[in-house]
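Structure first, then comments.
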Amino acid sequence: MARLVAVAAGGPAGLAAYGVIVTEPRYLRSLVSTVVLAAVVTALTLVIATIAGVFLQRNRFPGRSVLVAMLTFPLAFPGVVVGFMVIMLAGRQGLIGDLTRLVTGERLVFAYSMAGLLTGYLYFSIPRVILTVMAAAEKLDPRLEEAARSLGASSWQVVRDVIVPGLRPAFLSAGAICFATAMGAFGTAFTLATEIEVLPMTIYTEFTLRANIVVAAALSIILGGITWLALALARTAAGSSVAASA
Amino acid sequence: MARRGRGFWAQLAFTVLVAAFLIVPVAMSITAGITANFFQGVKSGLTTRWIAEVWRLYRDTIFLSMTIALATLVVDLAIGVPAAYVLARWRGWLPRLVEEALVLPIAIPGLATALALILAYGTWREFRTSWVFILVGHVLFTLPFMVRAVLAVLSSIDLPTLEEGARSLGASFRQRFFGVVLPNVRAGILAGALMVVTLSIGEFNMTWMLHTPLTKTLPVGLADSYASMRLEIGSAYTVMFFFMIIPLLIGIQLAARPRKPATLRDEAA
């Protein structure tokens with residue numbers, strides 16, 4: 000524990016000496032695209048995971064546990080493996096390429112572009128968020144939904160006014176973790192490595208190829224700062240919403 | 000209770016689609032790993048040639064990853080379990096601050112930690128080139144997970160009362176810690192341990208920066224094979240990785256489930 004505290008304090012403090020302000024447009028562009036990508040991934044993941052997670056929590060049917068196992072298996076995949084999975088799906092010999100060639104006659108290959116990166120980020124985010132949503136949906140009181148329905152609410156109204164507000168704390172915490180992971184994900188971008196400029200890749204290139212340690216350190220601090228801020232904001236928001244409902 | 004209307008089938012179809020999105024590439028890489036020529040498809044014949052090739056080329060990375068994962072586990076147990084105990088017993092603002100710091104490994108990207116480590120110790124040559132350097136990084140990354148897993152169990156039991164009972168019967172601190180505290184947090188330690196080993200085996204972001212040509216771990220080897228080997232070898236290697244983590248994942252699931260029966264039995268005994 001002493002070592003943990005020492006490095007938590009010592010790491011950034013040691014790096015602070017290199018804390019040069021980043022002004023170059025290239026770094027800024029990389030920063031902006033990373034934040035946008037992480038935000039889009041978080042939003043999409045929340046929607047997908049909520050539909051699947053609430054469904055799996057509410058219904059019992061044969062094969063359900065197999066589905067849950069399939070949906071959570073990729074939890075332990077490192078970023079490189081996720082990148083490879085995207086290549087399998089959308090790479091030059093990928094499944095999507097084969098299918099689109101059958102249909103349109105042309106191979107659709109997007110693994111090495113921003114779309115491929117987005118696919119990869121969705122791939123590792125969905126399992127994490129589904130687990131959180133399922134755990135939260137278990138705690139929702141089904142009577143609230145029944146009450147709403149008996150008062151004449153349509154199923155869309157039930158989703159909007161009962162289920163989504165009930166899951167709000169889970170959305171906040173899972174969303175923040177999803178955002179933070181997407182910001183720092185390096186392995187996926189590294190495997191798909193092309194001309195995609197996301198922040199972790201920029202840090203890596205600056206450090207290894209250009210030996211620009213000062214910039215790499217400054218960028219890491221900015222990256223860490225943004226993710227920490229996202230997590231802190233979500234915790235504060237989740238805390239206040241819990242207090243409000245209590 | 001369930002009215003299986005159109006809504007049910009639509010949601011089921013959606014969920015199956017999501018599951019397919021996650022599992023189809025896994026199935027494809029398993030197929031590719033044992034197919035003679037993936038470009039021609041399965042009809043080119045099945046082979047274990049690629050698996051053997053991976054074993055020849057990357058055997059060392061598998062052993063190194065296992066060594067590092069076990070060493071990480073030992074260090075995490077030695078530091079993390081006492082640390083969680085201290086955090087659970089000690090009231091005040093400082094432990095809260097430390098708990099706050101436990102979310103750091105999620106907040107601080109592995110790359111940044113790796114950079115900090117290299118800047119701090121990179122010039123110490125023997126350390127930089129040994130696998131212990133990677134071990135330090137992995138411990139920093141995984142320790143909070145161990146502490147949190149143990150802390151979660153510790154805060155769900157009435158520790159002060161248990162300890163007081165033991166103390167009133169004349170148990171020394173040592174006896175209390177090993178005889179009362181540890182058996183009670185067994186479930187947390189197990190869950191934390193499985194988590195730590197899984198995380199350590201799969202860690203790439205940090206390890207890629209910390210590794211040297213002589214200290215390559217499994218994920219580093221994977222990245223290397225994806226970049227420079229044929230698709231079949233990368234696939235076969237990925238399959239071997241799957242087989243390493245599947246037992247761990249099943250263990251995590253099992254460890255998370257039977258907490259209730261276990262405590263009931265403990266109370267009855």
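Residue numbers (numbering that gives the first Met the number 0), protein chains in the order written: chain A, 0 to 245; chain B, 0 to 268.
The beta carbon of each residue, even a glycine, is placed where N, CA and C say it ideally should be.
It should be emphasised that the depicted structure is a prediction, and the values quoted were computed from it without experimental measurement.
Residue i: first and last residue of the uninterrupted alpha helix (DSSP H) it sits in
i: alanine 192 of chain A; result: Unbroken run through alanine 192 of chain A: none, as it is neither H nor E.
i: phenylalanine 178 of chain A; result: 163-183
i: proline 159 of chain B; result: 158-167
i: aspartate 97 of chain A; result: 94-103
i: threonine 269 of chain B; result: Since the displayed chain B opens at 0 and closes at 268, residue 269 of chain B lies outside it and no answer follows.
i: arginine 127 of chain B; result: 124-128
i: proline 24 of chain A; result: 24-57
i: tryptophan 155 of chain A; result: 154-157
i: glutamate 202 of chain B; result: Run containing glutamate 202 of chain B: none; DSSP gives neither H nor E here.
i: glutamate 144 of chain A; result: 141-149
i: phenylalanine 172 of chain B; result: 172-175
i: methionine 228 of chain B; result: Note, methionine 228 of chain B: premise wrong, no alpha helix (DSSP H); not H, not E.
i: isoleucine 86 of chain A; result: 78-89
i: glycine 178 of chain B; result: Per DSSP, glycine 178 of chain B belongs to no alpha helix (DSSP H) and is neither H nor E.
i: alanine 115 of chain B; result: 109-120
i: valine 97 of chain B; result: 92-100
i: tyrosine 120 of chain A; result: 113-138
i: leucine 66 of chain A; result: 63-71
Spatially closest choice to residue i from the options, by CA coordinates
i: tryptophan 54 of chain B; options: B/Ala226, B/Leu16 and B/Leu221; result: B/Leu221
i: glycine 44 of chain B; options: B/Glu163, B/Thr30 and B/Ala51; result: B/Thr30
i: phenylalanine 203 of chain B; options: B/Ile78, B/Leu134 and B/Glu162; result: B/Leu134
i: methionine 27 of chain B; options: B/Gln252, B/Leu253 and B/Phe241; result: B/Phe241
i: glycine 82 of chain A; options: A/Ile220, A/Ala184 and A/Gly224; result: A/Ala184
i: valine 85 of chain B; options: B/Ala190, B/Val146 and B/Gln252; result: B/Val146
i: proline 77 of chain A; options: B/Val219, B/Phe126 and B/Ile249; result: B/Val219
i: tryptophan 89 of chain B; options: B/Pro159, B/Gly4 and B/Met228; result: B/Pro159
i: leucine 222 of chain A; options: B/Tyr225, B/Phe144 and B/Gly109; result: B/Gly109
i: leucine 191 of chain A; options: A/Leu66, A/Ile220 and A/Arg91; result: A/Arg91
i: tyrosine 26 of chain A; options: A/Ala236, A/Ser219 and A/Thr235; result: A/Ser219
i: alanine 186 of chain B; options: B/Leu153, B/Gly6, B/Val23 and B/Leu139; result: B/Leu153
i: leucine 130 of chain A; options: A/Phe54, A/Leu143, A/Ala215 and A/Arg59; result: A/Phe54
i: isoleucine 202 of chain A; options: B/Phe172, B/Ala119 and B/Thr112; result: B/Thr112
i: leucine 117 of chain A; options: A/Met87, A/Ala175 and A/Ala181; result: A/Ala181
i: tyrosine 225 of chain B; options: A/Met87, A/Leu30 and A/Ser64; result: A/Met87
i: arginine 234 of chain A; options: A/Gly93, A/Val65 and A/Ala173; result: A/Ala173
i: glycine 233 of chain B; options: B/Gly32, B/Phe7, B/Gly4 and B/Gly6; result: B/Gly32
i: threonine 41 of chain A; options: A/Leu94, A/Thr99 and A/Ile125; result: A/Ile125
i: leucine 181 of chain B; options: B/Ala115, B/Met239, B/Ala82 and B/Tyr236; result: B/Ala82
i: valine 31 of chain A; options: A/Glu196, A/Thr204, A/Val214 and A/Ala215; result: A/Glu196
i: phenylalanine 20 of chain B; options: A/Ala217, A/Val85 and A/Ala179; result: A/Val85
i: isoleucine 200 of chain B; options: B/Arg48, B/Thr46, B/Gly136 and B/Leu116; result: B/Gly136
i: tyrosine 120 of chain A; options: A/Gly62, A/Gly186 and A/Glu144; result: A/Gly186
i: valine 80 of chain B; options: B/Thr237, B/Tyr236, B/Asn183 and B/Leu217; result: B/Asn183
i: leucine 198 of chain B; options: A/Leu143, A/Arg142 and A/Leu74; result: A/Leu74
i: alanine 175 of chain A; options: A/Tyr122, A/Thr44, A/Arg106 and A/Leu150; result: A/Thr44
i: proline 143 of chain B; options: B/Trp49, B/Leu72, B/Ala119 and B/Tyr57; result: B/Leu72
i: glutamate 52 of chain B; options: B/Leu114, B/Met243 and B/Met228; result: B/Met228
In DSSP terms, what residue i is bridged to
i: threonine 34 of chain B; result: B/Leu45
CB-CB length for residue i against residue j, believed under 8 Å
i: valine 128 of chain A; j: cysteine 177 of chain A; result: 6 Å
i: glycine 178 of chain B; j: valine 149 of chain B; result: Their Cβ separation, rounded to whole angstroms, is 17 Å, which puts glycine 178 of chain B and valine 149 of chain B out of contact at 8 Å.
i: leucine 139 of chain A; j: glycine 165 of chain A; result: 5 Å
i: threonine 34 of chain B; j: glutamate 231 of chain B; result: 7 Å
i: leucine 98 of chain A; j: alanine 18 of chain B; result: With 8 Å as the limit, leucine 98 of chain A and alanine 18 of chain B do not qualify as a contact, their Cβ atoms being about 18 Å apart.
i: aspartate 59 of chain B; j: threonine 141 of chain B; result: Their Cβ separation, rounded to whole angstroms, is 22 Å, which puts aspartate 59 of chain B and threonine 141 of chain B out of contact at 8 Å.
i: phenylalanine 189 of chain A; j: valine 79 of chain A; result: 7 Å
i: alanine 169 of chain A; j: alanine 135 of chain A; result: 3 Å
i: leucine 213 of chain B; j: threonine 128 of chain B; result: 7 Å
i: leucine 171 of chain A; j: alanine 236 of chain A; result: 5 Å
i: threonine 237 of chain B; j: serine 64 of chain B; result: Going by Cβ atoms, the distance from threonine 237 of chain B to serine 64 of chain B rounds to 14 Å, so no, they are not a contact pair.
heavy atom of the ligand FAD below 7 Å from residue i C-beta
i: alanine 119 of chain B; result: The model on display carries no ligand, and the ligand FAD is accordingly not part of it.
Inter-stretch contact at 8 Å, needing at least 3 Cβ pairs: the stretch 65-75 of chain A / the stretch 11-31 of chain B:
yes
Three or more C-beta pairs below 8 Å linking the stretch 31-48 of chain A and the stretch 105-117 of chain A:
yes
Check whether the stretch 197-212 of chain B and the stretch 125-139 of chain B touch, using three or more Cβ-Cβ pairs below 8 Å as the test.
yes
Touching by the beta-carbon criterion (3+ pairs, under 8 Å), the stretch 180-197 of chain B and the stretch 232-248 of chain B:
As far as the Cβ criterion goes, the stretch 180-197 of chain B touches the stretch 232-248 of chain B, which means the pair count is three or higher.
Counting beta carbon pairs with one atom in the stretch 149-164 of chain A and one in the stretch 220-229 of chain A, are three or more of them shorter than 8 Å?
no
Below 8 Å, can you find three or more Cβ-Cβ pairs linking the stretch 94-103 of chain B to the stretch 160-168 of chain B?
In the pairwise beta carbon analysis, the stretch 94-103 of chain B is classified as not touching the stretch 160-168 of chain B: fewer than three pairs are separated by under 8 Å.
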